[in-house]
Structures are given as C-alpha cells and as structure tokens.
Amino acid sequence: MKKIKFSVYAKSVRGGMVGIYIRCQQGVRIVPIDTGVRVFSDEWDEDNGLIVNNPNSLELNRTVRKCVYDLQNMEYSKSEEGISLSSLIKIWNEKDSYHDFYLFFENHISTDYIRDSTSKLHKNTLSMLKCYKKKCLLCDLDEDYVEGFYLFLRNHTFLNDRRYESTTIKKHLKILRTYYNKAKKIYPRHVNDIDFSKIQIKTSEKPIKSLEENDIKILEKIVNCEKKENDELVVYQFLFMSYTGCRYSDFVSLNESNLIKDRETLWLNYTSIKTGVPVKIPLNLLFDGRAEQILYRYKDRLKHFFSIPSNSTWNKKIQRIAKKYGVIKHISAHIARHTFATRLLARNIPLTTIQKVIGHRKPETTMIYAKVSDNMLLTQFSKK
Numbered sequence: 033m034k035k036i037k038f039s040v041y042a043k044s045v046r047g048g049m050v051g052i053y054i055r056c057q058q059g060v061r062i063v064p065i066d067t068g069v070r071v072f073s074d075e076w077d078e079d080n081g082l083i084v085n086n087p088n089s090l091e092l093n094r095t096v097r098k099c100v101y102d103l104q105n106m107e108y109s110k111s112e113e114g115i116s117l118s119s120l121i122k123i124w125n126e127k128d129s130y131h132d133f134y135l136f137f138e139n140h141i142s143t144d145y146i147r148d149s150t151s152k153l154h155k156n157t158l159s160m161l162k163c164y165k166k167k168c169l170l171c172d173l174d175e176d177y178v179e180g181f182y183l184f185l186r187n188h189t190f191l192n193d194r195r196y197e198s199t200t201i202k203k204h205l206k207i208l209r210t211y212y213n214k215a216k217k218i219y220p221r222h223v224n225d226i227d228f229s230k231i232q233i234k235t236s237e238k239p240i241k242s243l244e245e246n247d248i249k250i251l252e253k254i255v256n257c258e259k260k261e262n263d264e265l266v267v268y269q270f271l272f273m274s275y276t277g278c279r280y281s282d283f284v285s286l287n288e289s290n291l292i293k294d295r296e297t298l299w300l301n302y303t304s305i306k307t308g309v310p311v312k313i314p315l316n317l318l319f320d321g322r323a324e325q326i327l328y329r330y331k332d333r334l335k336h337f338f339s340i341p342s343n344s345t346w347n348k349k350i351q352r353i354a355k356k357y358g359v360i361k362h363i364s365a366h367i368a369r370h371t372f373a374t375r376l377l378a379r380n381i382p383l384t385t386i387q388k389v390i391g392h393r394k395p396e397t398t399m400i401y402a403k404v405s406d407n408m409l410l411t412q413f414s415k416k
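Following this line, the structure appears as structure tokens:
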C-alpha cells in the first residue's frame, strides 16, 4: 500500500478569506481535507505553510498541525502497511466517533440495518452503559471497564428493588461485546484487547413452563360453555397458538394470505418476524386439525381473530379465564408456544421437524425442549 503524503495549503473562500486545507495524495489520487480554519489572505504564509500576523496564530497553527497528526495516526490505525485513501477519508468523516465509543455505538445502531426490536435492545444497553459511566473513549475500553459494567448490572435495582436476572446481564454484555468487536475491527491499534471470557456468569436453568394435555382439554371445554363472546375469542386465540406454535408477534401479523390450500391440505405459511425463518405448517395434520376448525369458525372474521391490541392485556385475560375454570398455572401467549413444542415431542415428532415448524434458526434452541420431554417421561413412568 503506497504511503499517503500530506501537505498544507490554502484556497480562497467567501469574504476575502482563505480556508486552510490538507492535501492527501496517494499515487495520482488527491483528496482535500478541510481543517475548518479560516484567515485573511495576508495572514497566510504560502512559502512556509503557516498562519502569520494573526493574534491567534499559535493556536490556529496548532489546530492545523493536529489535523495532520490525526490523519497520519489514522493512516496506520489498520496496519503497519497503511490503508487506502478511501478508507482514510471514511475514518476521518467519522472522527467524532473515532474518540467517543458511545457515539460510535449510537451511529452503528442507526446505520447497521438491524430490526426495530433489535435496535431497541441495543439502545437499552447503550443507555445502561451511560448510566454506568457518562463518557467512554475508545481507549477507555479495557477489561476493567467491562468488569465494572458487569458489577454495575449485577447490583442495579429497579421496580421495587428487583435485580437483573443473569440472562439479562449476559444479554447486555453480549451486545457490548458486539460493538467492542466493531470498534476493534475499525481501530485495531486504538482499542485494547479484552478477554470477555474471564467474566463467568452463572445462570440457573429454569424449567420451561408449558401446559399438559389435561390443561388443554379444560380449555377446549371452556369454549363450549363460555357465554361471553370476548372470553371465547381469547381462549380460541390461545388454543390456535398452542396448535401452531405461533409467537404473539407472528400471530398478530397473520391474515388470509397466510392460509394456502393445496389439494386437501390447508397450510399456514408465514415468515417469523423475530428470526426471519420461513414457517409452513399443515394445519389439518396437527392435533386432529383443530387449528383449521378454529379458522373455519372465524372464516368471516379472520381480521378480528388475528387482532390482539396488547400482549400484556391479552395475557391477563387468558390467565383470568383459565383460572376460573381450574387451570391454576401461569398461562400466556409464550406458554402456548412452549405447549405446542412439548406436545409434539410427546408424540415422538423429531426435533429437526419441530425446529422447522416452530421457526428456530438453530437446532440448539429447539433442544431446550428435550429436557422437558425427559421430565415428562419421568412423570409418566412414575405413574405406572
């Protein structure tokens, strides 16, 4: 890589003044960099490349010289061999974030084309970092900073003195690591090496909550005797999720176009909003086709059926209804999804198939249900 040559020069601007620029030349290509310094034409010494006869000459020359030093420093920030002129200009244009890690973090959230839900999570982590330390330069990123942030999260309290779960702490540290890696890749000589593996976070494995067959039967009976139309709708919505494994976010995005009839099979066809994984489910082949029966019941009101204004409000409704009829377990839209997976496992459906119909990107995510299946087997054998 050819070395970039830097030289200071002036060119006329408005008001009879000259602007001080830095000429950056690599081979035959030349790019000017504006230092932002402006002086009158008689205050510029072209022969020596200096500002003279100005009451602030010393400070202005220092500003220009600093720009040259910064450019030279940036040139070798990638490697000893230097970088291309295009890369140098890109780094210069981001020179504010070159020093400020939080600004770097914020800029990349807005320019990395991530989903809105992911953006909110990353912004939350950035907010927590600013609570931990108001300012952080790239050179401040080290193992003490990361360990301090971990301790801050562990001791942070909110909502009636509750503390963060270990999984939440891991999530924040994982996001911090993501933007540290970005900074390290762009400015390798200015960002310290950090071994994130030194921070060991113990997470207690909580059993996945799901409903059993008897609980589903109780809910199925509810819709036959529930007189309130709104309550009946809520139960049918829950049952549909437990028959299909839809997330709340996917359920509320469904419409008639997601239902495809192919010969004798009705398919539920959608792309998971959370993972971006295509999902295709044969409704009449799962759980005696009960999801298809529900859709037939609401065939003229599908828009109404797939409409849930608020997840939290809806969860409270289904919890209240289920409790009234004897289901004293925690119940929610997410529980319906877990119930779908565990019921398929109980029917000896392979994990790879469950992964496909539940919309998981990785098989490891689906594997968490295998432990539930083991527990179910122990329960069943103990009844013998």
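The sequence shown begins at 33 in the numbering used here and counts up by one. In this text, a Cβ means the ideal position worked out from N, Cα and C, and glycines have one as well. Remember, it's a predicted structure, so these values are computed and weren't measured experimentally.
Under the 10 Å beta carbon count, S242 is surrounded by 16 or more other beta carbons and is classified as buried. Nearest Cα to S198 within the set I231, N213, D174, N224: I231. About 4 Å separates the CB atoms of Y280 and A365; that is less than 8 Å, so the two are in contact. If one requires a minimum length of 3 residues, no beta strand (DSSP E) run lies completely within the region 317 to 378. Cβ contact annotation for D132 (same chain, cutoff 6 Å, sequence separation greater than five): none. The Cβ atoms of I207 and Y182 lie no closer than 9 Å to each other. Excluding its 5 nearest sequence neighbours in each direction, Q351 has C-beta neighbours in its own chain below 6 Å: I363, listed in chain order. Across the set R97, I141, L170, the C-alpha of R97 shows the shortest separation from the C-alpha of D66. With respect to the 9 Å criterion, L170 and V223 are classified as neighbours on the basis of their beta carbons. Relative to L317, the option among D282, L334, M399, R379 whose CA is nearest is R379. In this structure, I254 sits away from T371, with a CB-CB distance that is not shorter than 9 Å. Residue range 310 to 314 is occupied by the beta strand (DSSP E) that includes I313.
When rounded, the separation of the alpha-carbon atoms in N125 and C56 is 14 Å. Nearest to P310 by C-alpha distance, out of Q387, P64, V359, is Q387. Within the DSSP secondary-structure output, M49 pairs in a beta bridge with F72. With at least 16 other beta carbons inside 10 angstroms of its own, V50 counts as buried. Rounded to whole angstroms, the gap between the alpha carbons of E252 and G358 is 13 Å.
For N105, the enclosing alpha helix (DSSP H) starts and ends at 89 to 107. The DSSP-derived three-state label of Q58 is strand. Excluding residues up to 5 positions away in sequence, L173, D174, E175, V178, Y212 lie with their Cβ nearer than 7 Å to the Cβ of I226 in the same chain. According to DSSP, residue pairing for V63 in a beta bridge involves C56. The C-beta distance from L286 to F338 rounds to 5 Å, short enough to fall under 8 Å.
Here the alpha carbons of L117 and R209 stand approximately 29 Å from one another. For D172, the three-state secondary structure derived from DSSP is helix. In the three-state reduction of the DSSP assignment, K43 falls in the strand class, which pools E and B. By the neighbour-count criterion, in which a residue is buried when 16 or more other Cβ atoms sit within 10 angstroms of its Cβ, V71 is buried. In terms of Cβ geometry, L327 and F272 form a close pair [threshold 9 Å]. Closest in alpha carbon position to S149, among K306, L103, K349, is K306.
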